[in-house]
Each structure stands twice: as structure tokens, then as C-alpha cells.
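Residue numbers (my numbering): -17 to 141.
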């Protein structure tokens, strides 16, 4: 199927399903990329002259969402000088399920806050997170931002 019914040059004469193919019955006369829409989703977009080239069509890609997560690289020096980091396991479902990570605090974007206000909100979110968990700390400092793009999320990690 995939080698016979290709997006830009379908080989209808070699297709084993040509006798029952509804797309072929539309009589293709021009060749265009068949992945620029969806016949099932938008019946008004079909062009009978394109025949099999009407199938399948790509759905519109959803825009990636922006997310910011605060990452806490909290460490403690052990009795023999070894460094231990505080880590947690991610939830069993969702993005990166069950993986281990440094402590993280999801940050909701403030509605049109300025840069100074955002830094105060980040600091307050970290303080609240640590206080809720009764984690004793000192010397907290912001190191920077790491950006990572998932297929559907533009993630900013504030370390």
C-alpha cells in the first residue's frame, strides 16, 4: 500500500485495490500533494479532478504550548564528602511517566507580568514548595534557563 499509493505519485495501475478504490473512481487528472487537508474532516475541500490525490489529507497541526518549570538542584554533602541530590519520581502517567528527576515546581505564566515580578513569583513558588515539604535549605541561587522543545510543548526549565 505505502509503496503503491504514494502522496505525490500514486501508481493506480499497480494497485491491488483499484477495483474497489473510491478515490480512483474520481478520475485523477492532476498531481498535487494529497497530505494538505482531510477529506473525511472537510468534505467541501474535495476536488473530483484530483481523484486519489484527495486521500489521505493531513490535519492541521496544533500549536505547541509554552510551559515553564522551576528545577531545584538541591544537594547535600555526606559524611565522607560525597554529594547527594534531592530527586523525585514523576507521575505514572503523562509526559516522561515514571522517570526520575530533580525536584520540580510547575510555574503558571503570570498574565503580562514584568521580568522583576516574574523573578519574585519564581522565588516565592520555590519558597512555598520547600516550606510545604519542610525542606531546610540555604544559599538558593538562580543559575539560568534551559529550553527544550517536545513535539507539543515548548518547555523552559528555570534552574
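Glycine residues also receive a C-beta, built at the ideal position from the N, C-alpha and C atoms.
Residue i at chain D interface by Cβ criterion, 7 angstroms
i          : result
residue 67 : Structure shown: chain D not included; a single protein chain is present.
According to DSSP, residues forming a beta bridge with residue i
i           : result
residue 54  : 85
residue 138 : 50, 129
residue 71  : 82
Bounding residues of the beta strand (DSSP E) (the contiguous stretch that carries residue i)
i           : result
residue 118 : Residue 118 -> no beta strand (DSSP E), and no H or E assigned at all.
residue 64  : No beta strand (DSSP E) holds residue 64; DSSP gives it neither H nor E.
Pair within 7 angstroms by beta-carbon distance, residue i and residue j
i           : j           : result
residue 72  : residue 135 : no
residue 84  : residue 108 : no
residue 131 : residue 139 : no
residue 3   : residue -14 : no
residue 87  : residue 111 : yes
residue 89  : residue 50  : yes
Top-ranked residue by Cα proximity to residue i, from the options
i           : options            : result
residue 43  : 133, 138, 140, 141 : 133
residue 77  : 137, -10, -14      : 137
residue 119 : 5, 126, 59, 63     : 59
residue 124 : 104, 61, 114, 45   : 104
residue 70  : 61, 41, 115, 64    : 115
Presumed contact (8 angstroms Cβ cut-off) between residue i and residue j, rounded CB distance
i          : j          : result
residue 81 : residue 67 : Not a contact, Cβ separation roughly 15 angstroms.
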